[in-house]
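Written out below as structure tokens is the structure these notes cover.
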Amino acid sequence: MDTRDRPARLAVGVVGAGRVGSALGAALARAGHRVVAASGVSDSSRERAAERLGLTPTRPEDVVSKSDLILLTVPDDVLPDLVSGLVGTGADLRGKLVAHTSGAYGLAVLNPAIKAGALPLALHPVMTFTGRDDDLRRLVGISYGVTAPDPLRPVAEALVIEMEGEPVWIEDEDRALYHAALAGAANHMVTLVAESSELLEKIGVEQPGRMLGPLLGAALENVLRLGIAGLTGPVVRGDAGTVRKHVDALILAAPEAADAYVALARLTADRALAAGLLKPEAAERLLDALGGNIWT
């Protein structure tokens, strides 16, 4: 990025210096901005403010007063009340950039701040944050879902690029679906892998991660490169007998997982059928094995 295209060096404040806020604050500091204030409620947030940002936490309204760019990095359900609360304190938001990092919310959640004169941005980092030291390293090269009013689009995109990310424009009305797609892939994958690991441990596999790692790595590479054409396994092969054995075994060993398996097998069969990877007669056999209708 040409230095002439960079936004001016900003005084950055972080409201909610948890896993996300402390990482993004550190990334902006690395880009040359000044992180001048942070707030945090939990002990872990206060520790991260000190360790990652070198700051003693203060009140949210004090963060606003000291900052040109205010990052609101709090859980989604907290965000609306936080925005209203900041405005309610009488903090001067005129001409200040206010950016939230929620994937599901667009700009409407910032309306109280906009009415008070703030300049709104939605900058959602497409990454999972664990609070570990490698969070900052993982920011390099990731995508950000960016939404902003047209006049502020260059500013939003420049901030993302400065954090060594890739800005991807998301229309305001598409934010919920955008976030559902990401959460469905990442969060549910964690649940599925954890469930698989526990089932393997239950039958005596001592290191399920070593068994699953190469398989899952190949599956992920296949789907990212080939899409649904990268699908393998008993469903796409139409192996109804194997699928039925899976369901029966899960009903005995982990009944709560059996329902999820059936739902995902139906979705997989439906997509394979639509893509021409699964013949209709094979789909009918799977229908019987799964005990329900996959025709949607």
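Note that the UniProt record's numbering has the sequence shown beginning at 1, numbered continuously upward. Where a beta carbon is used, it is the ideal one built from N, C-alpha and C, also for glycine. Being a predicted model, the structure only gives us computed values, none of them experimental.
Secondary structure within the segment 77 to 117: the beta strand (DSSP E) runs of 3 or more consecutive residues, fully enclosed, are 97 to 100 (chain order). Following the DSSP letters along the chain, one finds His246 in no beta strand (DSSP E) but inside the alpha helix (DSSP H) bounded by residues 240 to 253.
Between Val223 and Ala265, the beta carbon gap of about 16 Å keeps them out of contact (Cβ cut-off 8 Å). The beta strand (DSSP E) runs lying completely inside the segment 158 to 206 and spanning 3 residues or more are 166 to 169, given in chain order. In this structure, Arg175 and Gly103 form a Cβ contact; the two beta carbons are roughly 7 Å apart against a cut-off of 8 Å. The residue from Val205, Asp239, Leu119, Ala50 with its alpha-carbon nearest to that of Asp92 is Leu119. Remark: C-beta atoms of Ala11 and Arg48 do not approach each other more closely than 8 Å.
In this structure, the straight-line span from the alpha carbon of Ala254 to that of Thr73 is close to 37 Å. The distance from the Cβ of Glu157 to that of Pro167 is about 4 Å, consistent with a contact at the 8 Å cut-off. Secondary structure note for Ser42: it is in no alpha helix (DSSP H), with a DSSP letter that is neither H nor E. In the DSSP assignment, Pro120 is bridged to Val98.
By the CB criterion at 8 Å, Ala38 and Gly18 fall outside the cutoff. For Leu10, there is no enclosing alpha helix (DSSP H), as DSSP marks it with neither H nor E.
As computed with DSSP, Tyr144 is found in a beta bridge with Pro125, Pro167. Under the three-state reduction of DSSP output, Leu55 falls in the coil class, being neither helix nor strand. Inter-residue distance for Gly230 and Leu220 is about 9 Å (C-alpha atoms, whole angstroms). In this structure, Ala249 lies away from Met163, with their beta-carbon atoms at least 8 Å apart.
A direct Cα-Cα distance of roughly 29 Å separates Ala23 from Lys115. Taken through DSSP and simplified to helix, strand or coil, Arg132 comes out as coil. Ile142 places its beta carbon less than 8 Å from that of Pro125. Between the alpha carbons of Ile203 and Ala218 lies a gap of roughly 24 Å. Around the beta carbon of Ser84, fewer than 16 other beta carbons sit within 10 angstroms, so the residue counts as exposed. In the DSSP assignment, Leu287 falls outside any beta strand (DSSP E) and within the unbroken alpha helix (DSSP H) covering 280 to 290. One alpha carbon belongs to Arg210, the other to Leu139, and they sit about 26 Å apart.
For Leu71, the secondary structure class from DSSP, reduced to helix, strand or coil, is strand. Within the same chain, Cβ atoms closer than 7 Å to the Cβ of Asp68 are found at Leu10, Ala11, Lys96, Leu97, the five residues on either side in sequence being excluded. If you compare the alpha carbons of Asp62, Ala50, Ser45, Glu51 with that of Gly13, the shortest gap goes to Asp62. Assignment of beta-bridge partners to Val15 by DSSP yields Ser39, Leu72. Within 10 angstroms of the beta-carbon of Leu177 lie fewer than 16 other beta-carbons, which makes it exposed.
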